[in-house]
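Enquirer: So that you can map any letter, position 303 of the sequence shown is 303 in our numbering, and since no number is skipped, the others follow by simple counting.
Here you go, one structure.
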Amino acid sequence: MTLLQRPLPDIASGVIHETTTDRAISYRTTGSGHGAIVRLMSPSDLGHLIKPFVFLDLFEGESSFINGMPMHPHSGIATVTVITEGNLRFEDTDSGSGMIDYGAVEWMRAGGGVWHGKEMSVGTSKRIQGFQLWVALPPALENASVDSQYLESSVMPQVGPARLILGTYQGVQSPVRAPAGMNYLLVTLPAGESWTYVPPSGHTSLWLSVSRGSLAAPGVVMAGEMVIFEPGSGAVTLKALHKDTVFVIGSAQPHPYDLALGNYSVHTNPQALRAGEAKIAEIGARLREYLKKPNESASVPVFK
């Protein structure tokens, strides 16, 4: 399959009828590193361009680095964690325990406020690689109750070479309880193979990031890069180059709200942000009291 299909001219009419037009890349970044974590996008930079997608980290290293993750708060957003290599164990009061590996997902809708960070631990693999994505929530959910899901790979739907993490694609729906209007897929393409992503109607925001291998998109996208496509409704054809390539791709209807930013929070307006940060402070006080008490278990539950 060619990367850019151009029509033959209609000689009789002098008009060129386009059949397929792939989207051009408008921004690309390799982010900035922080140990095992590379921050590819923040709400204060590229997140403004493709909201509701507002934050993206690529993490890679010895699995033990997860033990150093501190408890931290969020409000106004949902976090989405997928593993592209290796595995992590989850343990949650409501969801039980299990393994997050390739194709599985941790979904945490922070809503009005939550503290978390110790519900994931080292699994059976020595190394891990994956992405954490934040999505901005609409007003009806940004100060709502917390909702979390830990879904193992066996229950996540496959559409061609893609695992459907969020949204609906080609008649298939993800079991993640995410707001409508956004898709997020984890894809592995064998070397030399192509795949075309056709965004649903209204999904004018489109981006992807490669964790292993390289893609022609068109234009080469290397491992560790994130690219944003020009706004529009057109499809994009992607080809794995010299080896199997793993990447995530997201599309969405635009988030029609400003981003009111806190240290760990993203809301649609200053009032909602103040409410979220007040809730975070209240929960944080309860968490500190909990941590003062002797506890036979090393795990710390999600505080909400």
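Glycine is no exception: its CB is placed at the ideal position from the N, C-alpha and C atoms.
Small disclaimer: the values here were computed from a predicted structure and weren't measured.
Between the region 186-194 and the region 236-247, do three or more beta carbon pairs fall short of 8 Å?
Expert: With the cut-off at 8 Å, the region 186-194 and the region 236-247 touch.
Enquirer: At the level of alpha carbons, what is the spacing between Pro73 and Leu56?
Expert: About 17 Å.
Enquirer: Secondary structure at Gln253, three-state DSSP: helix, strand or coil?
Expert: Of the three classes helix, strand and coil, the one that applies to Gln253 here is coil, per DSSP.
Enquirer: From Ser265, Pro270, Gly234, pick the residue whose C-alpha is nearest to that of Ile280; which is it?
Expert: For the residues Ser265, Pro270, Gly234, the minimum Cα distance to Ile280 belongs to Ser265.
Enquirer: Do you know offhand how far Leu310's Cα is from Ser121's?
Expert: The structure shown does not extend to residue 310, since the chain is modelled only from 1 through 304, so no value can be given for it.
Enquirer: Based on the DSSP secondary-structure assignment, which residues constitute the bridge partners of Phe65?
Expert: Answer is none; Phe65 lacks a bridge partner.
Enquirer: Taking the alpha carbon of Ile37 as the point to measure from, which residue in Asp22, Ile50, Gly234, Gly68 has its own alpha carbon closest?
Expert: When only C-alpha atoms are compared, the closest one is Gly68.
Enquirer: Between which two residues does the beta strand (DSSP E) carrying Arg306 extend?
Expert: There is no way to answer for residue 306, as the model of the chain reaches only from 1 to 304.
Enquirer: Are the region 144-160 and the region 106-116 touching by the rule of at least three beta carbon pairs closer than 8 Å?
Expert: Touching, yes, given that three or more Cβ pairs across the two stretches are closer than 8 Å.
Enquirer: Could you check which residue in Ser75, Phe59, Ser44, Pro52 has the C-alpha nearest to that of Glu225?
Expert: That would be Phe59, whose Cα lies nearest to the Cα of Glu225.
Enquirer: Residues in the same chain with beta-carbon distance under 6 Å from Gly61, minus the five sequence neighbours each way, listed in chain order, please.
Expert: The answer, listed in chain order, is Ala36.
Enquirer: Can you pull the DSSP bridge partners for Gln173?
Expert: According to DSSP, which records beta bridges pairwise, Gln173 is partnered with Thr168.
Enquirer: Compute the Euclidean distance between the alpha carbons of Asn263 and Ile228, then round it to the nearest angstrom.
Expert: Cα to Cα, Asn263 sits roughly 24 Å from Ile228.
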